[in-house]
């Protein structure tokens, strides 16, 4: 069962350092309240059963004409004919997306039910197509099944057999804001699950990947879609096929202006006009992955009706183009469990900690977390990617660093010591994933000014530290949480101690000395501020934002633009004037 958002703050506050004998202050044991608003297993299975019975097609709302010289005017069908059956062990990340809305009537003719594919890209995140998400309420009517190669079945009594799979509730949804149902452009989306799944995730390709899209590169398609152009039946067992990537010229030659270069990629050999000799994606494969080198390079998007029209190809959303937009939704854990990063602060005199949830343009009224005496660093992160915000905290007496995290199995909080005697570390940063493995990392600056990277393993432990560079004690602030530049890679911001200049260190997705590109000055003489915070995407637009406080106590929100230049932020906006009272921003 999920944790209720209302109970989350109290649970975290009570849990901090509770298991540590060396903690300066022992805080009370948390009381975790399971959510009462989420549907139970029976309701999720009902949705699956309704989706099975449904014969609707997600996103089928448009007509396109003259798809190619060799096809007549045809309906565009969001889309394996050909290929072979496979097991879930070959593609453990595969997800089944079931949607069923009975419209609240007893008349079955108005029911809406359909199926799409998807990919587990972190324990609570499913990458899929926007046409499977846009316009639908997945929290209210959807269910996601993972961990099985078989589609669910229902018996005469209405019982649903998931064939060893796990059914999960979609907690929230995101689709690319520029998705067009007319052109099926920007066709990419992310569903966030209520609870983490055990299915092994797969990563998206990187924004700079060009090799995977070279013409002739073999890509692998997975899905449960239609197996014939002459029936509507989808495959009951997961199928796979190998499709060669085609050049943009080839794709545009087949589809003309319907194929949007840079946003789409097409794959496969030209269809023959019948099932014989054709290997292609088809209805029901929508949202599923096209994979090269162990990474998702495409998301099944569209094709021609019945999929086998002579000369046609399967069309996919080009993931390298969209990873910058999608990745912030893969790494968006926050205190209130929505799409907007929240603020944590501590009062300097009372030592009371507070949560202030983002409204998108400001922060809501603060929520007390009780006494936070005895700590001098508090950072929000999600080291195990379970969808519940973790905390990294330093004990001010011992210098020991702790990871406080929710344990789903016991529905309780646990605190583990992750580093000892970090008293002399001048900076500790939880930037997210720096190394490109989708596992959040940590950074620290030692007393000599060396910057160290601690690659996360996804379970609160870390690989051996790697030195990134030296000279970091020239900065009196080093902050970062998320992607400031829109390329899907975590970045850092550092302010010079001598003149207040603010520098961007753009993440490269690599480890060690190559972790950041050369710094770029993005602000000069930022001397009017005495505290900063980076908690991620506060506005909910997919771009990391920044917070800066004046000595007088005014807190300004600098909305990220995604630009790696002096235009990195929009014009500042005041989000409060009473922030002088706080000594920790986390």
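Numbering (mature numbering (1 follows the signal peptide of the UniProt record, and there is no 0)), first residue to last: -23 to -1, 1 to 563.
A virtual CB, placed ideally from N, CA and C, is assigned to each residue, including glycine.
Please read all numbers here as calculations on a predicted model, not as lab measurements.
Segment contact, 8 Å Cβ cut-off, at least three pairs: the stretch 142 to 157 with the stretch 260 to 278: no
Distance CB(residue 228)-CB(residue 299) smaller than 8 Å: To locate residue 228, count along the chain shown from 1; it is residue 251. To locate residue 299, count along the chain shown from 1; it is residue 322. Result no, Cβ atoms of residue 228 and residue 299 do not sit closer than 8 Å.
With 16 other Cβ atoms within 10 Å as the buried cut-off, status of residue 141: Residue mapping note: residue 141 aligns to position 164 of the chain shown, counting from 1. The residue in question, residue 141, is exposed, as its Cβ has fewer than 16 Cβ neighbours within 10 Å.
Whole-Å CB distance - residue 63 paired with residue 126, under 8 Å assumed: Reading the chain shown from its first residue, position 86 is the one you call residue 63. Reading the chain shown from its first residue, position 149 is the one you call residue 126. Their Cβ separation, rounded to whole angstroms, is 7 Å, which keeps residue 63 and residue 126 in contact under 8 Å.
With 16 other Cβ atoms within 10 Å as the buried cut-off, status of residue 159: Working through the chain shown from its first residue, we reach residue 159 at position 182. Label assigned to residue 159: exposed.
Environment of residue 247 [buried if 16+ CB atoms lie within 10 Å]: Here residue 247 refers to the residue found at position 270 of the chain shown. Its Cβ being crowded by 16 or more others within 10 Å, residue 247 is buried.
Proximal residues to residue 544 (C-beta, below 7 Å), its chain only, five neighbours per side dropped: Along the chain shown, one-based indexing puts residue 544 at 567. Within the same chain, residue 544 has close Cβ partners 538.
Buried versus exposed, by CB contacts within 10 Å (16 or more), residue 560: Working through the chain shown from its first residue, we reach residue 560 at position 583. Residue 560 comes out exposed.
Local Cβ density within 10 Å of residue 132, reported as buried at 16 or more and exposed below that: Position 155 of the chain shown holds residue 132. With fewer than 16 other Cβ atoms within 10 Å, it is exposed.
Cutoff 8 Å; reference residue 322; Cβ partners in own chain excluding five residues on either side: The count along the chain shown starts at 1 and reaches residue 322 at position 345. Excluding positions up to five away in sequence, the list reads 330, 331, 333, 343, 556, 559, 561, 562 and 563.
Segment contact, 8 Å Cβ cut-off, at least three pairs: the stretch 173 to 186 with the stretch 112 to 125: yes
Proximity below 8 Å, CB of residue 469 to CB of residue 493: In the chain shown, residue 469 corresponds to position 492, counting from 1. In the chain shown, residue 493 corresponds to position 516, counting from 1. Yes, the Cβ-Cβ distance between residue 469 and residue 493 is below 8 Å.
Between the CA atoms of residue 366 and residue 388 - distance to the nearest angstrom: By one-based count along the chain shown, residue 388 stands at place 411. By one-based count along the chain shown, residue 366 stands at place 389. Straight-line Cα distance between these residues: approximately 14 Å.
Coarse secondary structure for residue 332, derived from DSSP in three states: The residue you call residue 332 lines up with position 355 of the chain shown. Residue 332: strand per DSSP, three-state reduction.
Cβ pair residue 393, residue 375 closer than 8 Å: Position 416 of the chain shown holds residue 393. Position 398 of the chain shown holds residue 375. Taking 8 Å as the Cβ cut-off, residue 393 and residue 375 do not qualify as a contacting pair.
Alpha helix (DSSP H) segment containing residue 356, residue limits: Position 379 of the chain shown, counted from the start, is the residue given in the question as residue 356. Note, residue 356: premise wrong, no alpha helix (DSSP H); beta strand (DSSP E) at 352 to 358.
Residue 238 - DSSP class collapsed to helix/strand/coil: Here residue 238 refers to the residue found at position 261 when the chain shown is read from its first residue. In this structure, residue 238 counts as strand in the three-state DSSP scheme.
The ligand ATP heavy atom lying under 7 Å from the CB of residue 81: Absent from the structure shown: the ligand ATP. Ligands present: none.
Residues sharing a beta bridge with residue 569, DSSP: Residue 569 lies beyond the residue range present for the chain, which begins at -23 and ends at 563; the question has no answer from this structure.
Expected contact under 8 Å - CB spacing of residue 430 and residue 422 to nearest Å: As a working mapping, residue 430 is identified with position 453 in the chain shown. As a working mapping, residue 422 is identified with position 445 in the chain shown. The pair is not a contact, with the Cβ atoms about 11 Å apart (cut-off 8 Å).
For residue 115, three-class secondary structure by DSSP: Translated into positions along the chain shown, residue 115 becomes position 138. Note: residue 115 maps to helix in three-state DSSP.
Cβ neighbours of residue 496 in the same chain (closer than 7 Å, five flanking residues each side left out): One-based indexing of the chain shown puts residue 496 at position 519. Counting only Cβ-Cβ distances below 7 Å, and skipping sequence neighbours, we find 480, 481 and 482.
Short Cβ contact (8 Å threshold) for residue 501 with residue 478: Numbered from its first residue, the chain shown carries residue 501 at position 524. Numbered from its first residue, the chain shown carries residue 478 at position 501. Taking 8 Å as the Cβ cut-off, residue 501 and residue 478 qualify as a contacting pair.
Residues that DSSP places opposite residue 451 in a beta bridge: The count along the chain shown starts at 1 and reaches residue 451 at position 474. According to DSSP, which records beta bridges pairwise, residue 451 is partnered with nothing at all.
DSSP beta-bridge partners of residue 244: Stepping through the chain shown from its first residue, residue 244 is reached at position 267. According to DSSP, residue 244 bridges with 222 and 291.
C-beta contact flag for residue 531 and residue 554 at 8 Å: For this step, residue 531 is matched to residue 554 along the chain shown. For this step, residue 554 is matched to residue 577 along the chain shown. Yes.
Residue 179 - partner residues in DSSP beta bridges: Reading the chain shown from its first residue, position 202 is the one you call residue 179. Partner(s): none; residue 179 has no beta bridge.
C-beta neighbour in chain C for residue 101, strict 8 Å: Although the question refers to chain C, the structure presented lacks it and comprises just one protein chain.
Segment limits, beta strand (DSSP E) that includes residue 323: Taking the chain shown and counting its residues from 1, the one referred to as residue 323 is at position 346. Where residue 323 is concerned, the enclosing beta strand (DSSP E) stretches over 320 to 324.
Stretch-stretch touch, CB-based, cutoff 8 Å, three pairs: the stretch 294 to 310 with the stretch 217 to 228: no
Cβ neighbour criterion (16 or more within 10 Å) applied to residue 438: Against the chain shown, residue 438 aligns to sequence position 461. Residue 438 comes out exposed.
Supposed close pair residue 75, residue 120 - CB separation, criterion 8 Å: Position 98 of the chain shown, counted from the first residue, corresponds to residue 75. Position 143 of the chain shown, counted from the first residue, corresponds to residue 120. Residue 75 to residue 120, Cβ: 5 Å. Contact.
Among 400, 380 and 196, the one whose alpha carbon lies nearest that of residue 270: Along the chain shown, read from residue 1 onward, the residue named residue 270 stands at position 293. Among 400, 380 and 196, the Cα nearest to that of residue 270 is on 196.
Helix, strand or coil at residue 62 according to DSSP, with G and I counted as helix: Stepping through the chain shown from its first residue, residue 62 is reached at position 85. Of the three classes helix, strand and coil, the one that applies to residue 62 here is strand, per DSSP.
Short Cβ contact (8 Å threshold) for residue 411 with residue 463: For the purposes of this step, residue 411 is identified with residue 434 of the chain shown, where counting begins at 1. For the purposes of this step, residue 463 is identified with residue 486 of the chain shown, where counting begins at 1. No, these two residues do not count as a Cβ contact at 8 Å.
Buried or exposed by the 16-neighbour rule on C-beta atoms within 10 Å, applied to residue 128: If you number the chain shown from 1, residue 128 lands on position 151. Burial call: buried.
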